[in-house]
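Residue 93 in numbering that gives the first Met the number 0 sits at position 94 of the sequence shown, and the numbers go up by one each step.
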Amino acid sequence: MLNSISDIAPVKTIEVEEHLKKIHEEVKNLVDTPSSHISINETSKQLEAIKNSLKEISEINEARVLYFKAEIALGNYQIDSDKIAMRMLKEPIIVD
């Protein structure tokens with residue numbers, strides 16, 4: 000007695016294996032190109048340098064502070080409390 004399900008020969012197995020080998024070789028060739036190599040060590044050094052340079056930058060805009068101090072001292076800076084209140088009501092409240 001023949002079992003028709005289990006007696007079917009895998010005809011396409013060789014073609015699939017050859018296709019997979021071909022794809023594997025193509026991927027290997029792409030990975031082995033010099034342009035695709037990334038130096039993680041070099042990238043981490045660059046990120047560390049950027050991080051250190053950002054630490055040196057002041058969060059306070061000194062020029063702007065001096066400008067407003069001078070404007071307040073001269074009496075030229077007028078605070079518009081209505082404008083401030085309207086903007087406070089328009090902006091969403093952020094809760095940390």
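Glycine included, C-beta positions come from ideal geometry on N, C-alpha and C.
Asked	Found
Alpha helix (DSSP H) segment containing Ser-52, residue limits	39 to 55
Inter-residue spacing [alpha-carbon to alpha-carbon] between Ile-49 and Glu-61	22 Å
Secondary structure of Tyr-66, DSSP reduced to three states	helix
Alpha helix (DSSP H) segment containing Asp-81, residue limits	80 to 89
Local Cβ density within 10 Å of Asn-2, reported as buried at 16 or more and exposed below that	Its pLDDT being 49, under 50, Asn-2 is placed unreliably in this model, and the value from its coordinates should be taken loosely. Asn-2 comes out exposed.
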